[in-house]
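Chains as they are written, first to last, in this note's numbering: chain C, 27 to 580; chain Z, 232 to 390.
Even for Gly, the Cβ is constructed at its ideal location relative to N, Cα and C.
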Amino acid sequence: MKNLYLLLLFVLAFSILSFSQQSDTKVESGVFTRKSITIVPVSTGNVSNYSQDMIAASYDIPYSPRYDYNTVDQSHLEEMQRLFNGITLDYKNLNSMENCEKLREALVQSGVFQQVIASMGNIDSLNARFQRNQKRIITSASSQMKIEAPTIEQMKTLMNGCFIGIPILESVTPNSDNYIAEGDLIWIRLDVSNVKNWDLTTHLPDYNEIECSIVKTEHGKVVVSPKSDKTSSLSTLFDDEPVNEYTLKIDSRSARQFTRSILKLALTMDEFKLRGTVQDVTDGIRIDLGKREDVYVDQGYKVYELRMDENNNKKSVYTGFMRIDKVGDNVTNEDALSSGYPILGHFEQGFIAKSHDQSFDLVVTPTYRLVSIPASSGLVSSDINSSPGVTVSALYNTSKLTNMTQLFIGVYYGMGFLSASSTTDPYSGTVTTTTVTTQEYGITIVKKFWMNNLNFLIGIESGLHGIEINFSDGNDYQIKGAFGIGGYAGIQIPFSADLLIGLQAGYVYVSTPTEIDLNGTAIPYPGFDGINLDGINLGGLTFGLNVSYSLPAF
Amino acid sequence: MKSYIMFLFGLFFLSACSSTKEFISPYPVSKEVTCIENISGKGYKYLAWGIGEDNAKAEFDALKAAVWTAMMGGGTGDCVSIMNTTERENNKQFIEDFFSNYDEWSQYVRSTTEGRIDADRRIRLADGNIKLGVEVIVETKMLRETLEARGIITSMKIQ
Numbered sequence: 027m028k029n030l031y032l033l034l035l036f037v038l039a040f041s042i043l044s045f046s047q048q049s050d051t052k053v054e055s056g057v058f059t060r061k062s063i064t065i066v067p068v069s070t071g072n073v074s075n076y077s078q079d080m081i082a083a084s085y086d087i088p089y090s091p092r093y094d095y096n097t098v099d100q101s102h103l104e105e106m107q108r109l110f111n112g113i114t115l116d117y118k119n120l121n122s123m124e125n126c127e128k129l130r131e132a133l134v135q136s137g138v139f140q141q142v143i144a145s146m147g148n149i150d151s152l153n154a155r156f157q158r159n160q161k162r163i164i165t166s167a168s169s170q171m172k173i174e175a176p177t178i179e180q181m182k183t184l185m186n187g188c189f190i191g192i193p194i195l196e197s198v199t200p201n202s203d204n205y206i207a208e209g210d211l212i213w214i215r216l217d218v219s220n221v222k223n224w225d226l227t228t229h230l231p232d233y234n235e236i237e238c239s240i241v242k243t244e245h246g247k248v249v250v251s252p253k254s255d256k257t258s259s260l261s262t263l264f265d266d267e268p269v270n271e272y273t274l275k276i277d278s279r280s281a282r283q284f285t286r287s288i289l290k291l292a293l294t295m296d297e298f299k300l301r302g303t304v305q306d307v308t309d310g311i312r313i314d315l316g317k318r319e320d321v322y323v324d325q326g327y328k329v330y331e332l333r334m335d336e337n338n339n340k341k342s343v344y345t346g347f348m349r350i351d352k353v354g355d356n357v358t359n360e361d362a363l364s365s366g367y368p369i370l371g372h373f374e375q376g377f378i379a380k381s382h383d384q385s386f387d388l389v390v391t392p393t394y395r396l397v398s399i400p401a402s403s404g405l406v407s408s409d410i411n412s413s414p415g416v417t418v419s420a421l422y423n424t425s426k427l428t429n430m431t432q433l434f435i436g437v438y439y440g441m442g443f444l445s446a447s448s449t450t451d452p453y454s455g456t457v458t459t460t461t462v463t464t465q466e467y468g469i470t471i472v473k474k475f476w477m478n479n480l481n482f483l484i485g486i487e488s489g490l491h492g493i494e495i496n497f498s499d500g501n502d503y504q505i506k507g508a509f510g511i512g513g514y515a516g517i518q519i520p521f522s523a524d525l526l527i528g529l530q531a532g533y534v535y536v537s538t539p540t541e542i543d544l545n546g547t548a549i550p551y552p553g554f555d556g557i558n559l560d561g562i563n564l565g566g567l568t569f570g571l572n573v574s575y576s577l578p579a580f
Numbered sequence: 232m233k234s235y236i237m238f239l240f241g242l243f244f245l246s247a248c249s250s251t252k253e254f255i256s257p258y259p260v261s262k263e264v265t266c267i268e269n270i271s272g273k274g275y276k277y278l279a280w281g282i283g284e285d286n287a288k289a290e291f292d293a294l295k296a297a298v299w300t301a302m303m304g305g306g307t308g309d310c311v312s313i314m315n316t317t318e319r320e321n322n323k324q325f326i327e328d329f330f331s332n333y334d335e336w337s338q339y340v341r342s343t344t345e346g347r348i349d350a351d352r353r354i355r356l357a358d359g360n361i362k363l364g365v366e367v368i369v370e371t372k373m374l375r376e377t378l379e380a381r382g383i384i385t386s387m388k389i390q
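Take a look at the structure:
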């Protein structure tokens, strides 16, 4: 237990230190530029038979209004695959210039590159993308004359927001009931800043002058389960696999899911993060991003203030963290703002907001529970009335599904460590020392409310409870069949965008256990003279610390 | 000696308590203005930077800086100033009075941002002040006609 508190102290100190280190950072811009993306999937020779699956998946990706898409014909993607078979990448230095040049050459020769440029550089497409990029109605000479076209610089900025994602499938292997698709993920950025020759009729840049750079690489791996009835399972909520693919062979599905994983990598990239400006702090915090940028309820935003020192050097200072509670519909009203609520720090109009996507919350709760395991049960030498322990939960924020803020559903697993005692093994009759632990697991639903930088939470939980008793003579007893239901409430203080620490208390009712396993084998109960389960109560009042850490989006 | 010290102390106390009227310059603190474009021959659109204790004061300063630049020049870009060097020299008192009166200068300028702040255009300076960039339109045609009517500048019209 002492070690646990030391660990908590370490986490607390680390979080405070990391928050303070975030105070001085590079210059964060609040200018959001739309990004256009193209998925060009390829596979290495040993798994090239999945090429068609990958191409099919590249056309069936979960579309987001946050991006524009430059679609490439299937024939060009097939040619790219053929050319890719002839090149050898340096997989140890995936982001090397040599790899970039090799991929660029294949992209050009296959015609993919030209088609991407034609798609993104098309003037109608640029105009439309420019309109979607606008934050507010611009009053200018051109707008008065009803001309709302981007300038050359704005066109270049939009074109520089062009990214090509290349998922490279390298293996598809069975593993138990699952299939694992593995490979590398590469994002390439196109840069037209130094292009001097532009076609006078098509207004497109000379593609030979377009520069490329690899901006992000990662080794990717997806595990696909063989469930054919996934439509009815809870996992459908959490993955983005199209329902129409459930009937495909599992290895094909894994290759397709691997292709789509390139978009998950995009979520972690700084280049793809949403950026906006805090426009109002009088009634909630309002930022100039919305539905058009795929803002969602509970999306986190780190907020920075732009500062200038005596030497005119600019720097961004991290001032706070907020979440969205209402998404503005800037598709129909360009001026609509999204509103948010503060989690940490302070906010002023003009501060810069940068998206900080999170996925699951991991919660560690060291607890103290009032339980009752009497000596008359035959399992312990003296009455046990309390149980220190720890519960670990994984919580999923349902806001994307329910549009409600801070409503979590998750699973938990807890262990209680009871004081070891010597007693008589009911089976062997020998006096031995014992290790007694309580165990519980189940599901929980939590709702959090934020008020003045404090987080109040209420939750309900339901699950199965049991006791494991290990006698030193080698006999292990498991007391099972106890069903519990309870509720809890707590308060948390944010220490960073991802870390909350607080206190919680609750009560759980647990029915009397009804089953006994001895060394993994069920033994009849009632009927086993040495053990009496009637007086055992694994429920009761519970108090504890609550340490919650939000994992980054993946 | 004691009375002398008491006298000095009293003098110090009185000087400390006396109110000094702070001199407030009628001119904009910032004169960092960039001309963006001509608006249909009626005015100019500027990116004007203002400095103030808070956003509102900085925006106020930016609006004033834009009018200042439209009248006196000094900004960057291709916009032409209304007054030439001689006119500026000959009308120093008018210029001071003009910029001292909010109702006077503010009628020729409006912000295009409608209360919003564009990305990366709010900077906190080392002294704690806010530097704010605002896109504004100065009605230079109307301002020119007013100054001509008051005899501050000579008419550009060919008689």
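| Item | Value |
| --- | --- |
| Check each residue of the stretch 331 to 351 of chain C: if its Cβ is closer than 8 Å to any Cβ of chain Z, include it; give the result in chain order. | E331, L332, R333, M334, D335, E336, K340 |
| Any Cβ of chain C within less than 8 Å of the Cβ of Z/L294? | no |
| Please identify, using Cβ separations under 8 Å, the residues of the stretch 50 to 65 of chain C that lie next to chain Z, in order along the chain. | S55, G56, V57, F58 |
| Take C/I506 and list the residues in its own chain whose beta-carbon comes closer than 7 Å to its own, dropping the five residues that flank it on each side. | This sequence places Lys at residue 506 of chain C; Ile is not what is there. Only G492, P539, E541, D543 meet the Cβ criterion. |
| Identify every residue that forms a DSSP beta bridge with C/T450. | C/V457 |
| With DSSP as the reference, please indicate the residues paired to C/K341 in a beta bridge. | C/R333 |
| Under 7 Å Cβ to Cβ from C/P368, same chain only, skipping five residues before and after it: list those, please. | I311, G346, M348, N479 |
| Quick check: is the beta carbon of Z/R355 nearer than 8 Å to any beta carbon in chain C? | yes |
| Less than 8 Å between the C-beta atoms of C/Y117 and C/D210, yes or no? | yes |
| Do the CB positions of C/I469 and C/V437 come within less than 8 Å of each other? | yes |
| In this structure, how does DSSP classify C/M348 when only helix, strand and coil are distinguished? | strand |
| In the structure shown, what three-state DSSP assignment does C/Q384 receive? | strand |
| Can you tell me whether C/E131 is buried or exposed? The criterion is at least 16 other CB atoms within 10 Å of its CB, across all chains shown. | exposed |
| Under 8 Å, Cβ to Cβ, is there at least one residue of chain Z near C/G371? | no |
| Between the Cα of C/G440 and those of C/T393, C/M477, C/Y422, C/T456, spot the shortest distance and give me the residue it belongs to. | C/T393 |
| Could you work out which residues of chain C lie near Z/N332, taking near to mean beta carbons separated by less than 8 Å? | Within 8 Å Cβ-Cβ: nothing; Z/N332 doesn't reach chain C, min ~26 Å. |
| Residues of chain C with a CB under 7 Å from the CB of Z/I348: which are they? | T303, Q305, Q375, G376 |
| Do we get a CB-CB distance below 8 Å when we pair Z/D351 with the residues of chain C? | yes |
| Distance check for C/N72 and C/S136, CA to CA, integer angstroms please. | 21 Å |
| Kindly indicate which residue of C/F386, C/N111, C/D361, C/I378 has the alpha-carbon position closest to the one of C/L300. | C/I378 |
| Please name the residues in the stretch 265 to 291 of chain Z whose beta-carbon is closer than 7 Å to at least one beta-carbon of chain C, in chain order. | E268, N269, I270, S271, K276, N286 |
| Hey, how far is the Cα of Z/M314 from the Cα of Z/M303? | 6 Å |
| Does the contact criterion of 3 or more C-beta pairs under 8 Å hold for the stretch 423 to 437 of chain C versus the stretch 398 to 415 of chain C? | no |
| What residues in its chain sit with their C-beta under 7 Å from that of Z/I354, if we drop five residues either side in the sequence? | K362 |
| Taking the alpha carbon of C/D94 as the reference point, which residue from C/H245, C/G187, C/A207, C/G513 has its own alpha carbon closest? | C/G187 |
| When you compare only the Cα positions, how much space is there between Z/F330 and C/F156? | 39 Å |
| Based on Cα-Cα distance, which residue from Z/I255, Z/V367, Z/A350, Z/T300 lies nearest to C/L314? | According to the sequence as given, residue 314 of chain C is Asp; it is not Leu. When each option's Cα is compared against that of C/D314, the closest is Z/A350. |
| Specify the secondary structure class of Z/G364 as computed by DSSP and reduced to three states. | strand |
| From the DSSP output, read off the bridge partner residues of C/F497. | C/T460 |
| From C/L571 to C/G516, what distance separates their C-alpha atoms? | 9 Å |
| Within 8 Å, do at least three Cβ pairs link the stretch 274 to 292 of chain C to the stretch 184 to 202 of chain C? | yes |
| Any Cβ of chain B within less than 8 Å of the Cβ of C/V406? | Absent from the structure: chain B. Protein chains present are C and Z. |
| Of all the options C/E104, C/P550, C/F386, which has the alpha carbon lying nearest to the alpha carbon of C/N75? | C/E104 |
| Are the stretch 508 to 522 of chain C and the stretch 544 to 554 of chain C touching, with three or more C-beta to C-beta distances below 8 Å? | no |
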